[in-house]
Amino acid sequence: MMPQNSANSVNAPAIPNGSGAAAILAAGIGLFALAALAVAADKSALVKKGLIFYTPTGALSGVTTVAILFWIGVWIVLEMRWRNKTVAVGRISAAAFILLGLSLLLTFPPIVDLF
Amino acid sequence: MEMTSRALWTLMHGMGFGALYLLACSGAFIELYFGSTRAHRSEPSAGRERFLKVYLIAMVVLAWAAVLSGAYIVYPWYRAAPPPGVSDLAMFPQRLLMSSPKTIGWHSLGMEWKEHVAWFAPISITMVAFVFLRYGRDLRNHPRLRTAVLGFTALSFLSAGIAGVFGALIDKQAPVNGGRNFHLSAGVEK
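Protein sequences appear in the order of chains A and B.
Our numbering applies: residue 1 is where the first sequence begins, and numbers increase by one.
Our numbering applies: residue 116 is where the second sequence begins, and numbers increase by one.
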C-alpha cells in the first residue's frame, strides 16, 4: 500500500491559487509604483512638491503613501477577481519578479541619474 | 553614560525594529522552505503552522514599525535644514554629509537608496504573511506560489539589509543627535 504523503506525492490543492497570485502580482505592481514615483519626484519639481504630504519628511511621505494606497487598491481588485479562480501563476509570478527587478533598479541612485 | 532622545529613537528604529527584522528573516525563510515543501515527508503540525503564522505577523509589525519610525521620526531630524548663519552642522546630519566631497556619497547614494528600498521589506513580507495565512500547509500543493513567496522573503531580507547597512554607516558618519538627554548610568574611574 502506498503512503498518501510520500516524498513525491502531489495532492490536489484545497484552495485555488488565485488569491495567492493576486497578492504576489499586487506586491510587484506596488513596488514598481513606489520606484516609479520616487523617480518622478526626483526628476520633476512639480511632482516632488505635489508629493510632500508631511513637510518634515518631504516627498518621501507622498511617494510611499500613494504607492501603498495604490498597492492595496490593486490587491483588493485582483483579490476580488481571482479569489476563487485557478490562474496561470507561473506567468503571474514571472511578471511580479520582472516588476520587482525593475523596481530595484529604479531605486538605485546611479540608475536614476541616467534619466 | 548619557543618550539623547533622538539617538534613542534611532536605536529603536535600527536595532529594535530593523535588526530584529533581519534576524527574523532567516527563521522565516527556513520555516517557509521546510514547512511547505513536498520533499519534506512529514506534515507540519498544526502547532508549528500556527507558530509560523504568528511569527510572520510579528515580522510584518516589525517591518512596518521600522519604516514608519524611520520615515516619520528619525528622517525629519536627519534632513532638518539649519537656520541661516549656523555653521556648526553637527545637529544637521544631511547637511553635514553634503558639506564635504568625502562624505556626500553617504547621502546621495546611501540615504537616497535606503529611504526607498527599505519599503520593499514591509510590502513583501505583508504579502508573504497573507499568502501563508491564507494557504497554510496547503502551500506545499502550490509549488509556484511557494517559490514566489520564498523569492519575496529573500527580497525583503535583501532590501532590509541594504537599508540597515547604510543606516548604520550613515549614522556612524553623521549621527542623529539632539533632544532630551537621558542619564543611563554613572561612570566609575578605574
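Just so it is clear, CB atoms sit at the ideal spot from N, CA and C, and this is done for glycine as well.
Note that this is a predicted model, so its numbers are computed, not measured.
Could you tell me which chain A residues have their CB closer than 8 angstroms to the CB of F230 (chain B), listed as they occur along the chain? Reading off the sequence, residue 230 (chain B) comes out as Glu, not Phe. The contact set of E230 (chain B) on chain A, defined by CB atoms closer than 8 angstroms, consists of L60 in chain order.
For S6 (chain A), name the three-state secondary structure that DSSP assigns. A caution first: S6 (chain A) carries a pLDDT of 43, below 50, which makes its placement in the model unreliable, though a value can still be read off. In this structure, S6 (chain A) counts as coil in the three-state DSSP scheme.
Identify the residues that DSSP records as bridge partners of G58 (chain A): which are they? Looking at the DSSP assignment, G58 (chain A) forms a beta bridge with A:Y54.
What is the DSSP secondary structure of F281 (chain B), reduced to helix, strand or coil? DSSP, read as helix, strand or coil, puts F281 (chain B) in helix.
Could you have a look at E117 (chain B) and say whether DSSP puts it in helix, strand or coil? In this structure, E117 (chain B) counts as strand in the three-state DSSP scheme.
On a Cα-Cα basis, can you pick out the residue from B:V264, B:M242, B:A196, B:W179 that is closest to G90 (chain A)? Closest by C-alpha distance to G90 (chain A), out of B:V264, B:M242, B:A196, B:W179, is B:V264.
Could you check the C-alpha separation between S19 (chain A) and G276 (chain B) for me, to the nearest Å? Rounded to whole angstroms, S19 (chain A) to G276 (chain B) spans 29 angstroms at the Cα level.
For D286 (chain B) and S61 (chain A), what's the separation of their Cα atoms in angstroms? If I take the Cα positions, the gap works out to 21 angstroms.
Restricting to runs no shorter than 4 residues, where is the alpha helix (DSSP H) found entirely within the region 196–234 of chain B? Within the region 196–234 of chain B, the complete alpha helix (DSSP H) runs of at least 4 residues are 208–213, 227–232.
Option in A:F53, A:L69, A:I111, A:L114 with minimal Cα separation from L31 (chain A): Restricting attention to A:F53, A:L69, A:I111, A:L114, the CA atom closest to the CA of L31 (chain A) is found in A:L69.
C-alpha gap between I111 (chain A) and E117 (chain B), whole angstroms: Taking the straight line from one Cα to the other gives about 41 angstroms.
Looking at C-beta atoms only, is the number of pairs between the region 235–253 of chain B and the region 163–170 of chain B that lie closer than 8 angstroms three or more? Touching, yes.
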